[in-house]
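Numbering (our numbering), first residue to last: 414 to 858.
What follows is a short report on a single structure.
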(Lines of atoms letter the chains of each structure in order from A and count residues from 1; the text may use other names and numbers.)
(Lines give C-alpha, C1' and ligand atoms only; values in the text may rest on other atoms or scores of the structure.)
Protein backbone atom coordinates (compact mmCIF):
# COMPACT_ATOMS: atom_id res chain seq x y z
CA UNK A 1 0.00 0.00 0.00
CA UNK A 2 1.37 3.42 -0.97
CA UNK A 3 1.52 6.39 1.41
CA UNK A 4 -1.28 8.17 -0.49
CA UNK A 5 -3.48 5.09 -0.09
CA UNK A 6 -2.54 4.70 3.57
CA UNK A 7 -3.45 8.25 4.66
CA UNK A 8 -7.24 7.85 4.10
CA UNK A 9 -7.14 4.53 5.95
CA UNK A 10 -5.30 6.12 8.85
CA UNK A 11 -7.77 8.97 8.91
CA UNK A 12 -10.75 6.65 9.19
CA UNK A 13 -8.99 4.60 11.86
CA UNK A 14 -8.04 7.57 14.01
CA UNK A 15 -11.56 9.03 13.93
CA UNK A 16 -13.14 5.68 14.65
CA UNK A 17 -11.30 4.79 17.83
CA UNK A 18 -9.58 6.37 20.80
CA UNK A 19 -5.93 5.48 21.20
CA UNK A 20 -5.33 4.03 24.68
CA UNK A 21 -2.93 5.89 26.92
CA UNK A 22 -3.21 9.14 24.97
CA UNK A 23 -6.75 10.29 25.81
CA UNK A 24 -8.16 10.86 29.31
CA UNK A 25 -9.77 7.79 30.84
CA UNK A 26 -13.24 9.34 30.72
CA UNK A 27 -13.15 10.10 26.98
CA UNK A 28 -16.00 8.52 25.02
CA UNK A 29 -17.75 8.85 21.68
CA UNK A 30 -20.66 11.26 21.60
CA UNK A 31 -23.23 11.92 18.90
CA UNK A 32 -22.67 13.51 15.47
CA UNK A 33 -18.90 13.14 15.55
CA UNK A 34 -18.47 14.67 19.01
CA UNK A 35 -16.43 13.36 21.92
CA UNK A 36 -17.35 13.36 25.60
CA UNK A 37 -14.84 14.20 28.31
CA UNK A 38 -15.97 13.48 31.84
CA UNK A 39 -19.45 13.05 30.38
CA UNK A 40 -19.46 16.54 28.84
CA UNK A 41 -19.48 17.05 25.01
CA UNK A 42 -16.41 18.84 23.70
CA UNK A 43 -18.61 21.04 21.53
CA UNK A 44 -20.46 22.16 24.64
CA UNK A 45 -17.18 22.97 26.40
CA UNK A 46 -16.00 24.96 23.39
CA UNK A 47 -19.24 26.92 23.29
CA UNK A 48 -19.17 27.65 27.02
CA UNK A 49 -15.48 28.40 27.59
CA UNK A 50 -14.25 29.37 24.12
CA UNK A 51 -11.08 28.26 22.38
CA UNK A 52 -8.27 27.60 22.81
CA UNK A 53 -9.03 25.88 26.09
CA UNK A 54 -7.16 23.42 28.27
CA UNK A 55 -9.46 20.64 29.48
CA UNK A 56 -8.46 18.44 32.40
CA UNK A 57 -10.14 15.20 33.45
CA UNK A 58 -10.12 15.06 37.24
CA UNK A 59 -10.83 11.31 37.32
CA UNK A 60 -7.70 10.56 35.28
CA UNK A 61 -5.49 12.65 37.57
CA UNK A 62 -6.84 10.92 40.65
CA UNK A 63 -6.56 7.48 39.05
CA UNK A 64 -2.90 8.03 38.22
CA UNK A 65 -2.20 9.18 41.79
CA UNK A 66 -3.75 5.96 43.08
CA UNK A 67 -1.88 3.83 40.54
CA UNK A 68 1.44 5.17 41.84
CA UNK A 69 0.48 4.70 45.47
CA UNK A 70 -0.67 1.15 44.73
CA UNK A 71 2.47 0.21 42.79
CA UNK A 72 4.81 1.75 45.37
CA UNK A 73 2.98 1.67 48.72
CA UNK A 74 6.11 2.21 50.82
CA UNK A 75 7.57 4.98 48.63
CA UNK A 76 6.79 8.69 48.98
CA UNK A 77 5.14 9.93 45.78
CA UNK A 78 5.85 13.64 45.30
CA UNK A 79 3.94 15.24 42.44
CA UNK A 80 6.22 17.38 40.26
CA UNK A 81 4.35 20.66 40.41
CA UNK A 82 6.24 22.21 37.50
CA UNK A 83 4.27 19.98 35.12
CA UNK A 84 0.96 21.67 36.00
CA UNK A 85 0.26 23.87 39.00
CA UNK A 86 -3.11 25.35 39.90
CA UNK A 87 -5.07 25.46 43.11
CA UNK A 88 -7.58 22.91 41.88
CA UNK A 89 -4.96 20.40 40.76
CA UNK A 90 -2.94 20.75 43.97
CA UNK A 91 -6.11 20.14 45.99
CA UNK A 92 -6.59 16.85 44.13
CA UNK A 93 -2.95 15.94 44.79
CA UNK A 94 -3.27 16.75 48.49
CA UNK A 95 -6.52 14.81 48.83
CA UNK A 96 -4.92 11.77 47.19
CA UNK A 97 -2.17 11.78 49.82
CA UNK A 98 0.74 12.68 47.57
CA UNK A 99 3.60 14.99 48.48
CA UNK A 100 4.60 17.91 46.26
CA UNK A 101 7.77 19.31 44.79
CA UNK A 102 7.94 22.98 43.83
CA UNK A 103 10.62 25.00 42.06
CA UNK A 104 9.88 28.63 42.89
CA UNK A 105 8.29 30.95 45.40
CA UNK A 106 5.42 31.28 42.93
CA UNK A 107 4.66 27.56 42.85
CA UNK A 108 4.98 27.51 46.63
CA UNK A 109 2.52 30.43 46.87
CA UNK A 110 -0.11 28.36 45.04
CA UNK A 111 0.50 25.44 47.41
CA UNK A 112 0.41 27.73 50.40
CA UNK A 113 -2.88 29.30 49.27
CA UNK A 114 -4.64 25.94 49.65
CA UNK A 115 -2.74 25.05 52.85
CA UNK A 116 -0.84 22.17 51.24
CA UNK A 117 1.01 20.59 54.19
CA UNK A 118 4.54 22.00 54.43
CA UNK A 119 5.65 18.63 55.83
CA UNK A 120 4.94 17.11 52.39
CA UNK A 121 6.73 19.72 50.25
CA UNK A 122 10.15 19.42 48.62
CA UNK A 123 11.71 22.59 47.17
CA UNK A 124 13.78 22.15 43.98
CA UNK A 125 15.53 24.28 41.40
CA UNK A 126 19.07 24.81 40.12
CA UNK A 127 18.70 28.55 40.84
CA UNK A 128 16.93 29.58 44.02
CA UNK A 129 16.87 33.30 44.62
CA UNK A 130 17.02 34.69 48.14
CA UNK A 131 13.26 35.29 47.80
CA UNK A 132 12.74 31.61 46.94
CA UNK A 133 14.76 30.46 49.94
CA UNK A 134 13.02 32.89 52.29
CA UNK A 135 9.62 31.70 51.07
CA UNK A 136 10.60 28.05 51.63
CA UNK A 137 11.93 28.76 55.11
CA UNK A 138 8.98 30.98 55.97
CA UNK A 139 6.46 28.27 55.14
CA UNK A 140 8.55 25.60 56.85
CA UNK A 141 8.91 23.27 53.85
CA UNK A 142 10.24 19.92 54.91
CA UNK A 143 13.16 19.57 52.49
CA UNK A 144 15.18 21.88 50.27
CA UNK A 145 17.28 20.27 47.52
CA UNK A 146 20.53 22.23 47.29
CA UNK A 147 22.08 22.58 43.85
CA UNK A 148 25.21 24.75 44.19
CA UNK A 149 27.88 25.72 46.71
CA UNK A 150 26.64 29.31 46.71
CA UNK A 151 23.16 28.08 47.55
CA UNK A 152 24.48 26.03 50.46
CA UNK A 153 26.11 29.16 51.92
CA UNK A 154 23.05 31.34 51.33
CA UNK A 155 20.66 28.81 52.82
CA UNK A 156 22.97 28.25 55.77
CA UNK A 157 22.92 31.97 56.51
CA UNK A 158 19.14 32.30 56.12
CA UNK A 159 17.89 29.18 57.89
CA UNK A 160 16.42 29.92 61.32
CA UNK A 161 16.51 26.34 62.56
CA UNK A 162 18.07 23.08 61.37
CA UNK A 163 16.67 22.95 57.83
CA UNK A 164 16.40 19.53 56.23
CA UNK A 165 18.29 19.42 52.94
CA UNK A 166 19.00 16.95 50.17
CA UNK A 167 21.94 17.29 47.81
CA UNK A 168 21.17 17.00 44.11
CA UNK A 169 23.68 14.64 42.55
CA UNK A 170 24.38 14.30 38.83
CA UNK A 171 24.88 10.52 38.54
CA UNK A 172 26.25 10.47 34.99
CA UNK A 173 23.41 8.33 33.60
CA UNK A 174 22.21 8.74 30.02
CA UNK A 175 18.41 8.72 30.05
CA UNK A 176 18.22 8.32 26.24
CA UNK A 177 15.90 11.29 25.83
CA UNK A 178 16.06 14.64 24.03
CA UNK A 179 19.14 16.65 25.02
CA UNK A 180 16.95 19.57 26.14
CA UNK A 181 15.37 17.40 28.86
CA UNK A 182 18.34 15.16 29.79
CA UNK A 183 19.50 16.13 33.28
CA UNK A 184 21.50 13.16 34.54
CA UNK A 185 24.55 13.51 32.30
CA UNK A 186 27.78 15.35 33.01
CA UNK A 187 28.55 18.99 32.24
CA UNK A 188 25.11 20.57 32.57
CA UNK A 189 23.48 23.01 34.92
CA UNK A 190 21.79 20.65 37.36
CA UNK A 191 23.33 19.15 40.48
CA UNK A 192 26.78 18.18 41.70
CA UNK A 193 28.79 15.76 39.58
CA UNK A 194 29.37 12.38 41.15
CA UNK A 195 32.30 11.56 38.85
CA UNK A 196 34.23 14.79 39.45
CA UNK A 197 34.00 14.67 43.22
CA UNK A 198 31.81 17.80 43.37
CA UNK A 199 29.04 15.87 45.12
CA UNK A 200 31.41 14.68 47.82
CA UNK A 201 32.62 18.24 48.34
CA UNK A 202 29.03 19.46 48.59
CA UNK A 203 28.33 16.99 51.39
CA UNK A 204 31.24 18.40 53.37
CA UNK A 205 30.00 21.94 52.83
CA UNK A 206 26.49 21.09 54.09
CA UNK A 207 27.84 19.27 57.12
CA UNK A 208 29.85 22.39 57.98
CA UNK A 209 26.67 24.50 58.19
CA UNK A 210 25.19 24.24 61.70
CA UNK A 211 21.78 25.47 60.51
CA UNK A 212 21.45 22.70 57.91
CA UNK A 213 20.60 19.05 58.48
CA UNK A 214 21.65 16.72 55.67
CA UNK A 215 18.96 14.04 55.41
CA UNK A 216 19.57 12.54 51.99
CA UNK A 217 20.47 12.66 48.32
CA UNK A 218 18.50 13.52 45.22
CA UNK A 219 18.91 12.81 41.52
CA UNK A 220 16.85 13.30 38.37
CA UNK A 221 18.08 11.88 35.08
CA UNK A 222 15.66 13.55 32.63
CA UNK A 223 12.13 13.71 31.29
CA UNK A 224 10.18 11.44 28.96
CA UNK A 225 12.33 8.48 30.03
CA UNK A 226 10.86 5.10 29.12
CA UNK A 227 13.88 2.85 29.78
CA UNK A 228 13.60 1.41 33.28
CA UNK A 229 17.25 0.33 33.05
CA UNK A 230 18.30 3.99 33.21
CA UNK A 231 16.45 4.46 36.51
CA UNK A 232 17.98 1.24 37.84
CA UNK A 233 21.49 2.42 36.99
CA UNK A 234 20.91 5.78 38.66
CA UNK A 235 19.62 4.04 41.80
CA UNK A 236 22.68 1.80 41.96
CA UNK A 237 25.05 4.73 41.67
CA UNK A 238 23.20 6.73 44.28
CA UNK A 239 23.22 3.88 46.80
CA UNK A 240 26.91 3.42 46.07
CA UNK A 241 27.44 7.07 46.94
CA UNK A 242 25.51 6.62 50.19
CA UNK A 243 28.02 3.89 51.05
CA UNK A 244 30.92 6.23 50.25
CA UNK A 245 29.49 8.84 52.60
CA UNK A 246 29.16 6.31 55.38
CA UNK A 247 32.85 5.48 55.04
CA UNK A 248 34.10 9.02 54.45
CA UNK A 249 32.00 10.93 56.96
CA UNK A 250 30.56 8.23 59.19
CA UNK A 251 26.98 9.22 58.32
CA UNK A 252 24.04 7.08 57.26
CA UNK A 253 21.60 9.23 55.32
CA UNK A 254 17.98 8.14 55.77
CA UNK A 255 16.46 9.45 52.51
CA UNK A 256 16.99 8.93 48.78
CA UNK A 257 14.98 10.85 46.19
CA UNK A 258 15.27 9.29 42.71
CA UNK A 259 13.32 11.94 40.81
CA UNK A 260 10.74 11.43 38.11
CA UNK A 261 10.65 11.88 34.35
CA UNK A 262 8.46 8.88 33.55
CA UNK A 263 7.43 8.87 29.90
CA UNK A 264 3.90 9.12 28.54
CA UNK A 265 2.84 8.38 24.93
CA UNK A 266 1.72 11.35 22.86
CA UNK A 267 0.91 9.44 19.66
CA UNK A 268 0.10 5.84 18.75
CA UNK A 269 3.28 3.80 18.83
CA UNK A 270 5.10 6.04 21.31
CA UNK A 271 6.77 4.13 24.14
CA UNK A 272 4.76 4.02 27.35
CA UNK A 273 5.99 3.59 30.89
CA UNK A 274 5.69 0.25 32.67
CA UNK A 275 4.88 1.46 36.19
CA UNK A 276 4.61 -2.01 37.74
CA UNK A 277 7.82 -3.14 36.07
CA UNK A 278 9.56 0.04 37.17
CA UNK A 279 8.40 -0.41 40.76
CA UNK A 280 9.62 -4.01 40.87
CA UNK A 281 12.99 -3.40 39.26
CA UNK A 282 13.75 -0.17 41.12
CA UNK A 283 13.02 -1.68 44.53
CA UNK A 284 15.05 -4.78 43.69
CA UNK A 285 18.00 -2.64 42.63
CA UNK A 286 17.89 -0.51 45.78
CA UNK A 287 17.44 -3.52 48.06
CA UNK A 288 20.31 -5.40 46.41
CA UNK A 289 22.73 -2.47 46.51
CA UNK A 290 21.90 -1.63 50.13
CA UNK A 291 22.41 -5.26 51.11
CA UNK A 292 25.72 -5.40 49.23
CA UNK A 293 26.97 -2.25 50.98
CA UNK A 294 25.44 -3.24 54.33
CA UNK A 295 23.32 -0.12 54.42
CA UNK A 296 19.84 0.22 55.94
CA UNK A 297 17.16 0.85 53.33
CA UNK A 298 16.58 4.60 52.92
CA UNK A 299 13.15 6.14 52.67
CA UNK A 300 12.57 6.45 48.93
CA UNK A 301 10.87 9.33 47.12
CA UNK A 302 9.97 9.56 43.44
CA UNK A 303 8.57 12.58 41.60
CA UNK A 304 6.13 11.84 38.75
CA UNK A 305 4.51 14.89 37.17
CA UNK A 306 3.81 14.34 33.48
CA UNK A 307 2.77 10.75 34.26
CA UNK A 308 0.10 12.08 36.64
CA UNK A 309 -1.44 14.87 34.55
CA UNK A 310 -0.20 14.48 30.95
CA UNK A 311 -2.86 12.20 29.50
CA UNK A 312 -5.55 13.85 31.64
CA UNK A 313 -5.46 16.91 29.39
CA UNK A 314 -7.01 17.81 26.03
CA UNK A 315 -6.61 21.16 24.29
CA UNK A 316 -9.43 22.44 22.09
CA UNK A 317 -8.71 24.71 19.12
CA UNK A 318 -10.92 26.21 16.44
CA UNK A 319 -9.79 26.22 12.83
CA UNK A 320 -9.42 29.78 11.50
CA UNK A 321 -8.18 29.10 7.99
CA UNK A 322 -7.07 26.29 5.69
CA UNK A 323 -4.28 27.24 3.30
CA UNK A 324 -2.88 25.07 0.52
CA UNK A 325 0.82 25.62 -0.09
CA UNK A 326 2.93 24.27 -2.93
CA UNK A 327 3.55 20.98 -1.16
CA UNK A 328 1.66 21.14 2.13
CA UNK A 329 -1.75 21.99 3.51
CA UNK A 330 -1.67 24.34 6.49
CA UNK A 331 -4.50 24.29 9.02
CA UNK A 332 -4.23 27.45 11.11
CA UNK A 333 -5.91 27.54 14.52
CA UNK A 334 -6.66 30.19 17.13
CA UNK A 335 -3.83 29.11 19.44
CA UNK A 336 -0.23 28.11 18.89
CA UNK A 337 3.18 28.28 20.48
CA UNK A 338 1.94 30.60 23.24
CA UNK A 339 -0.21 27.78 24.65
CA UNK A 340 2.03 24.89 23.54
CA UNK A 341 5.71 25.70 22.89
CA UNK A 342 6.85 22.08 23.20
CA UNK A 343 6.98 21.35 19.43
CA UNK A 344 9.11 24.46 18.94
CA UNK A 345 11.32 23.76 21.98
CA UNK A 346 12.20 20.13 21.32
CA UNK A 347 10.20 18.73 18.46
CA UNK A 348 7.34 17.23 20.47
CA UNK A 349 4.76 15.52 18.26
CA UNK A 350 1.02 15.17 18.85
CA UNK A 351 -2.11 13.47 17.60
CA UNK A 352 -4.93 15.71 16.36
CA UNK A 353 -8.58 14.78 16.08
CA UNK A 354 -11.40 16.80 14.45
CA UNK A 355 -14.62 16.79 16.50
CA UNK A 356 -18.11 18.24 16.37
CA UNK A 357 -19.59 16.92 13.11
CA UNK A 358 -19.34 14.09 10.62
CA UNK A 359 -16.29 14.56 8.43
CA UNK A 360 -15.28 13.15 5.09
CA UNK A 361 -13.74 9.66 5.33
CA UNK A 362 -10.96 10.88 3.02
CA UNK A 363 -7.98 12.37 4.83
CA UNK A 364 -4.85 14.16 3.69
CA UNK A 365 -1.65 14.99 5.57
CA UNK A 366 -1.79 18.50 6.99
CA UNK A 367 0.34 20.68 9.22
CA UNK A 368 -1.47 22.38 12.09
CA UNK A 369 0.03 25.82 12.70
CA UNK A 370 -0.62 28.60 15.18
CA UNK A 371 -1.44 32.27 14.98
CA UNK A 372 1.94 33.66 16.02
CA UNK A 373 4.50 35.51 13.93
CA UNK A 374 7.04 32.69 13.76
CA UNK A 375 7.56 30.16 10.99
CA UNK A 376 8.30 27.68 13.75
CA UNK A 377 4.85 28.10 15.29
CA UNK A 378 3.82 24.54 14.44
CA UNK A 379 1.58 22.43 16.69
CA UNK A 380 1.49 19.19 14.69
CA UNK A 381 3.20 18.25 11.46
CA UNK A 382 1.90 15.89 8.77
CA UNK A 383 -1.14 14.62 10.65
CA UNK A 384 -4.09 13.04 8.79
CA UNK A 385 -7.03 15.45 8.71
CA UNK A 386 -10.26 15.22 6.70
CA UNK A 387 -10.36 16.67 3.21
CA UNK A 388 -13.46 18.73 4.04
CA UNK A 389 -12.00 20.43 7.12
CA UNK A 390 -13.02 24.09 7.10
CA UNK A 391 -12.85 27.27 9.20
CA UNK A 392 -14.97 26.99 12.34
CA UNK A 393 -14.29 23.28 12.88
CA UNK A 394 -12.95 22.09 16.23
CA UNK A 395 -9.68 20.20 16.70
CA UNK A 396 -8.88 18.26 19.88
CA UNK A 397 -5.25 17.58 20.82
CA UNK A 398 -4.84 14.92 23.53
CA UNK A 399 -2.12 14.49 26.15
CA UNK A 400 -1.75 18.19 26.89
CA UNK A 401 -2.13 18.17 30.67
CA UNK A 402 1.59 18.60 31.40
CA UNK A 403 3.88 21.48 30.42
CA UNK A 404 1.23 23.39 28.47
CA UNK A 405 -0.40 25.65 31.05
CA UNK A 406 2.99 25.75 32.82
CA UNK A 407 4.92 26.91 29.74
CA UNK A 408 2.25 29.21 28.29
CA UNK A 409 3.26 32.76 27.37
CA UNK A 410 1.78 36.03 26.08
CA UNK A 411 3.63 36.14 22.77
CA UNK A 412 1.99 38.67 20.42
CA UNK A 413 0.07 39.77 23.54
CA UNK A 414 -2.29 36.84 23.27
CA UNK A 415 -4.03 35.89 26.52
CA UNK A 416 -3.42 32.46 27.98
CA UNK A 417 -6.25 29.89 27.72
CA UNK A 418 -8.50 28.85 30.58
CA UNK A 419 -8.10 25.56 32.43
CA UNK A 420 -11.38 23.67 32.74
CA UNK A 421 -11.84 20.55 34.84
CA UNK A 422 -14.47 17.96 34.03
CA UNK A 423 -15.92 15.24 36.20
CA UNK A 424 -19.17 13.27 36.30
CA UNK A 425 -20.95 15.33 33.66
CA UNK A 426 -20.01 18.72 35.11
CA UNK A 427 -17.40 21.27 34.05
CA UNK A 428 -15.69 23.76 36.36
CA UNK A 429 -13.35 26.63 35.61
CA UNK A 430 -10.03 26.17 37.43
CA UNK A 431 -8.13 29.04 35.80
CA UNK A 432 -10.01 31.72 33.84
CA UNK A 433 -8.98 32.96 30.40
CA UNK A 434 -6.50 35.82 30.45
CA UNK A 435 -8.03 39.05 29.15
CA UNK A 436 -6.62 42.17 27.51
CA UNK A 437 -7.28 43.97 30.80
CA UNK A 438 -5.07 41.41 32.54
CA UNK A 439 -2.29 42.08 30.04
CA UNK A 440 -2.59 45.84 30.40
CA UNK A 441 -2.77 45.80 34.20
CA UNK A 442 0.97 45.19 34.48
CA UNK A 443 1.90 47.83 31.90
CA UNK A 444 2.28 51.07 33.86
CA UNK A 445 3.23 53.21 30.87
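Glycine residues also receive a C-beta, built at the ideal position from the N, C-alpha and C atoms.
For residue 811, the enclosing beta strand (DSSP E) starts and ends at 807 to 811. For a cut-off of 8 Å, the C-beta gap from residue 814 to residue 760 is around 19 Å, too long to register as a contact.
In this structure the region 472 to 492 lies against the region 506 to 513, because at least three pairs of beta carbons, one per stretch, are closer than 8 Å. By the Cβ rule, the region 681 to 693 does not count as touching the region 646 to 665, because fewer than three pairs are nearer than 8 Å. Annotated three-state conformation of residue 787 is coil, per DSSP. Within the model, the alpha-carbon separation for residue 829 versus residue 464 is close to 10 Å. Secondary structure of residue 766 (DSSP, three-state): strand. Of all alpha-carbon atoms in 795, 650, 697, the one lying nearest the alpha-carbon of residue 583 is that of 650. Between the region 780 to 796 and the region 706 to 714 there are fewer than three inter-stretch CB-CB distances shorter than 8 Å, so the stretches are not counted as touching.
The DSSP-derived three-state label of residue 622 is coil. Secondary structure of residue 754 (DSSP, three-state): coil. From the listed residues 451, 700, 474, 446, the smallest Cα separation to residue 653 is found for 700. Taking all protein chains shown into account, residue 628 has 16 or more neighbouring C-beta atoms within 10 Å of its C-beta and is therefore buried. Below 8 Å, enough C-beta pairs join the region 490 to 506 and the region 721 to 735 to call them touching: three or more. With respect to the 8 Å criterion, residue 660 and residue 618 are not classified as neighbours on the basis of their beta carbons. With a beta-carbon spacing of about 6 Å, residue 730 and residue 747 fall inside the 8 Å limit used to define contacts.
By the Cβ criterion, the region 624 to 638 is not in contact with the region 517 to 532, since fewer than three pairs of Cβ atoms, one from each stretch, lie closer than 8 Å. Residue 625 is a Cβ neighbour of residue 569, given a cutoff of 8 Å. Listed in chain order, the beta strand (DSSP E) elements of length 3 or more contained wholly in the region 718 to 755 are 726 to 737, 742 to 746. As DSSP reads the structure, residue 645 sits in no beta bridge. In the three-state reduction of the DSSP assignment, residue 700 falls in the helix class, which pools H, G and I. In the same chain as residue 667, and ignoring 5 residues on each side of it, the C-beta atoms closer than 7 Å to its own belong to 628, 629, 711, 712, in chain order. Distance from the CA of residue 477 to the CA of residue 460, rounded to the nearest whole angstrom, comes to 29 Å. In the same chain as residue 456, and ignoring 5 residues on each side of it, the C-beta atoms closer than 6 Å to its own belong to 447, 769, in chain order.
The residues 728, 763, 765, in chain order, have a CB closer than 6 Å to that of residue 810 in the same chain once the five nearest residues on each side in sequence are set aside. Non-local C-beta neighbours of residue 517 in its own chain, meaning closer than 7 Å and more than five positions away in sequence, comprise 538, 545, ordered along the chain.
With fewer than 16 neighbouring CB atoms inside 10 Å of its own CB, residue 442 falls in the exposed class.
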